[in-house]
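Let me begin by presenting the structure, written as structure tokens, before commenting on it.
Residue numbers (the UniProt record's numbering): 1 to 322.
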């Protein structure tokens with residue numbers, strides 16, 4: 001099959017498309033013919049050698065895909081050959097076929113094309129598991145997500161707003177700030193010209209913060225929390241080592257949680273996917289949450305796609321088609 005291969009760790013130039021052995025579905029897995037996959041920040045980290053796949057996962061980059069089931073592994077029920085699906089992966093998405101644990105296979109939401117569906121599993125599962133299953137964001141609470149124009153940000157804004165939260169976000173360009181407002185953000189904060197701590201302090205602080213910056217924003221995030229606020233860290237674009245003022249956290253009775261999705265046990269990922277189908281897909285079908293696709297390009301342009309991701313300043317997700 002066709003798949004993205006790497007010539008060692010490094011920049012986007014190490015990526016190319018080659019021929020590799022076809023996967024076979026094991027017990028409890030399905031084989032999917034991939035129609036599209038999407039680029040995530042974690043993919044660039046894996047390419048550079050900083051984020052290896054968990055034991056047993058495919059070495060091929062790619063954390064989500066959409067396509068059609070072509071084979072059922074032993075013991076799989078509830079799915080048929082030919083079903084159109086999207087899937088959350090531990091790896092293997094940048095390829096024409098991938099074997100997927102059945103618990104991580106989801107139907108394509110009504111009204112969404114197969115190409116659009118490729119960019120939903122990772123962001124939907126990340127936002128739902130962290131903002132709602134971990135931080136328990138409730139209706140009427142204030143929610144802050146950093147990087148509102150990215151894949152995680154655009155999904156988080158829409159989901160939080162659809163479930164009745166007051167949404168704040170940080171972003172850069174005027175165009176991205178306007179996109180965030182159009183998706184449901186009460187206040188889009190320019191990280192170039194404004195201080196999100198001041199903005200949130202004026203309204204009483206954020207009940208939940210979803211952060212992908214890590215060390216760089218740690219102290220400021222704690223300052224921006226409301227009493228009983230919950231900070232959930234899911235990335236470290238701003239570094240891995242920061243200083244935490246325990247006294248400030250204690251005064252707010254706040255909490256800091258750091259989580260990842262990729263290496264969770266299959267049973268946990270299956271539960272997350274089940275909740276996504278139950279809670280997120282109806283909002284997508286109703287048009288209240290939509291996939292934000294910034295650009296679509298063929299798999300052969302994978303190096304350019306990674307370069308676009310690293311250049312930043314873009315809104316929505318980059319989709320690779322097969």
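For every residue, glycine included, the Cβ atom is placed at its ideal position computed from N, Cα and C.
Based on the DSSP secondary-structure assignment, which residues constitute the bridge partners of residue 69?
32
Where does residue 247 land, buried or exposed, given buried means 16+ other C-beta within 10 angstroms?
exposed
Between 61, 82, 273 and 77, which has its C-alpha nearest residue 92's C-alpha?
61
With DSSP run on the structure shown, which of helix, strand or coil describes residue 55?
coil
Quick one: what's residue 18 bridged to in DSSP?
3
DSSP bridge partner residues for residue 143 (one or two, in chain order):
167 and 208
Taking just the CA atoms, how far does residue 24 sit from residue 228?
48 angstroms
Where do the ends of the alpha helix (DSSP H) carrying residue 202 lie?
196 to 202
Which residue wins for smallest C-alpha separation from residue 190, given the options 170, 182 and 198?
170
Alpha helix (DSSP H) segment containing residue 175, residue limits:
174 to 183
Flag this pair as touching only if the stretch 134 to 149 and the stretch 97 to 117 have three or more C-beta atom pairs under 8 angstroms; answer yes or no.
no
On the three-pair Cβ rule with 8 angstroms, is the stretch 216 to 223 touching the stretch 176 to 185?
no
Buried or exposed for residue 317, going by 16 or more other Cβ atoms inside 10 Å?
buried
Candidates 236, 68, 83 and 77: closest to residue 212 by CA position
236
Proximity below 8 angstroms, CB of residue 105 to CB of residue 124:
no
How do the stretch 56 to 75 and the stretch 30 to 37 stand: do at least 3 beta-carbon pairs fall below 8 angstroms, yes or no?
yes
Rounded to a whole number of angstroms, what is the C-alpha to C-alpha distance between residue 52 and residue 10?
13 angstroms
For residue 286, name the three-state secondary structure that DSSP assigns.
coil
DSSP puts residue 107 in a beta bridge; with which residues?
85
Residue 102 and residue 79 closer than 8 angstroms at C-beta
yes
Is it true that the CB of residue 7 sits closer than 8 angstroms to the CB of residue 73?
no
Determine the DSSP secondary structure at residue 252, reduced to helix, strand or coil.
coil
Quick check: the Cα distance between residue 75 and residue 230, rounded to an integer number of angstroms?
40 angstroms
Per-residue burial, residue 142 [other beta carbons within 10 Å of its own, 16 or more giving buried]:
buried
Look at residue 205 and residue 224 and say whether their C-beta atoms are less than 8 angstroms apart.
yes
Please name the residue or residues paired with residue 296 in a DSSP beta bridge.
319
Taking only three categories from DSSP, how would you classify residue 304?
helix
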